[in-house]
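Inspection log for the structure reproduced underneath, given as structure tokens.
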Amino acid sequence: MEDRKRNYINESIKKMNFILLCSGLVVQDKTHAQIKKTKSRLIYIFNFLWLNTDLLGAICWFIDGIKNGKTFVEVTYIAPCIIFSFLANIKAIFIIYYESNIRDLINGLLELEARVEKVDVKRDGLRRDALNFLHFILKSSFVLNLVLLIVFTTGPSIMIVMIYVKTKEVDLLLPFLIKYPFDSHDIHYWPFVYVHQFWSATIVLVNICSADHLLYVCCTHLRVQFRLLQYDLSNIVKKNNFLSNHDLGLVEGELVELIKWHQALIRLSNNLEIIYSKSILYNFVSSSVLICLTGFNVVAIQNVAFAIMFLVFLTASLLQIYLLCFFGDLLMKSSMEVRDAVYNCKWYYLNAKIRKNLIIVNSRTQEPCKLTAFGFSDVNRRAFMSILSSSWSYFALLKTIYNPAKN
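So for the sequence shown, numbering that gives the first Met the number 0 puts the first residue at 0; every next one is plus one.
As structure tokens, then:
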């Protein structure tokens, strides 16, 4: 039975195996898998150097573009890609920095799964519904990011063919505007540069997906544990009358275990906050600018193919920040709903000592377990609306000052 319960967590993490392999990140550390961990670290270092050579080139192109009077549309073309690349770097770096916290978090969730001795249709239904939804989100997010990768990296190839059909001239285009110490449009270098940019884009997406998908998994399983705790708290009193001393003793013993369960969930939630709060801060700050610039490119770029590319980029950016806020909201609400379970547990049939313990539990639930942007903002759906509001304000300002005739 224990293996069956432990597989709930492992089943979710297995859904991430491919992107974790590509990113070189490790979220589960086993003593007998040190060689595998070393290989993963080498993959990460290789990816880090590969990506940041292109990122450095993109920054140089951006600076030169401003100095040399490139059009506003050209400058804003590369800006969202730079922001997204920094986000990928930051997320991956903090996953590595907090590896021990992640290990403690996952092991803690596995222990809580193993400690749940009672299995019935209700409990199993709570788990199954949450897992089915989680796995749907993981798959949908992966597919959308795959579409984004395909659109951005194959778009220039399609444009080359279209230009050749119309003009009979070969114009070697690349997915991103990046400065190199050689002519990247020379036929001798172009194929290698194209492959380099393709893998750089892949690294960005797998780094972001790895960190975000792990967050979705942890938030979902913490929410499941909170809901199971609520279920047990609500049903701690089985009878509809005052209990005997023997029954009160049993209830008190069960309540002590439930309080320990609640304390463990609070600790694990705080651990999740430590792991993600700093990267979420950058994610929140950059998302308003990212969404604004991407939306601007959709309406400002005259080329339909490139406009479609940025439309997919905009969709992926919106989904990324929305899911972050959505799962943070789920965690916050599920932790606060414990107080409803305390209120509904037929406490009026219990003695003063047990009631006092329930009051303490109820008081603790007034402060929700939550994710924050390094303490500056709570991660919930209200935060998503604030980001959208800021993005729209920046977008409206950008549209007002942008003059196509001059740019």
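Glycine included, C-beta positions come from ideal geometry on N, C-alpha and C. Note that this is a predicted model, so its numbers are computed, not measured.
Give the straight-line distance between the Cα atoms of residue i and residue j, rounded to the nearest whole angstrom.
i    : j    : result
I265 : N100 : 14 Å
K167 : S156 : 15 Å
Q301 : I207 : 30 Å
F17  : H212 : 12 Å
I65  : V74  : 7 Å
K352 : L247 : 10 Å
T364 : V303 : 52 Å
C217 : F45  : 28 Å
I386 : L289 : 10 Å
K259 : V194 : 53 Å
I162 : T70  : 22 Å
V120 : M335 : 24 Å
L143 : T152 : 14 Å
Can residue i and residue j be called in contact, C-beta distance under 8 Å?
i    : j    : result
Y43  : L176 : no
I186 : I105 : no
R380 : C324 : yes
Q229 : A340 : yes
V250 : L242 : yes
S22  : S209 : yes
L86  : S285 : yes
I95  : L24  : yes
L318 : S140 : yes
K369 : V378 : yes
L232 : L257 : yes
L322 : Y401 : no
Over the uninterrupted alpha helix (DSSP H) stretch that includes residue i, give me the two end residues.
i    : result
E168 : Taken as a continuous stretch (DSSP letters only), E168 belongs to no alpha helix (DSSP H), as it is neither H nor E.
Y193 : 189 to 233
S385 : 380 to 400
A372 : Premise fails: A372 is in no alpha helix (DSSP H) and is neither H nor E.
Q319 : 303 to 335
Y179 : It is not in any alpha helix (DSSP H) - Y179 carries neither H nor E in the DSSP assignment.
V288 : 244 to 299
I77  : 71 to 96
L54  : 33 to 66
I358 : 351 to 363
F17  : 16 to 22
Whose C-beta lies closer than 7 Å to the C-beta of residue i among residues of the same chain, with five residues either side of it excluded?
i    : result
V223 : L125, R126, A129
K14  : H134, L137
M158 : L172, A304
V146 : V311
V26  : I12, L19, I101, I105, L213
L330 : C218, L221, R222, S268, C368, K369, L370
To which residues of the same chain is residue i closer than 6 Å at the C-beta, ignoring the five residues directly before and after it?
i    : result
F309 : T293, N296, V297
A372 : I279, L280, F283
A382 : C324, S376
D478 : The chain is shown only over 0 to 406; residue 478 falls outside these bounds and no answer can be derived.
Taking only beta-carbon positions, decide if residue i is within less than 8 Å of chain B.
i   : result
G68 : In the displayed structure, chain B is absent; only one protein chain is listed.
Might you give, ordered along the chain, the residues of its own chain that have their beta carbon closer than 8 Å to the beta carbon of residue i, omitting 5 neighbours on each side?
i    : result
K398 : F295, V298
A57  : I77, C80, I81, S84, F175, L176, I177, K178
L108 : I8, C217, H220, L221, Q224, L267
H261 : L228, V337, V360, R363
Checklist entry - Just checking, does the region 341 to 351 make contact with the region 230 to 241 on the three C-beta pairs under 8 Å criterion? => result yes
Checklist entry - For the 8 Å Cβ check, are there 3 or more pairs between the region 252 to 269 and the region 196 to 212? => result no
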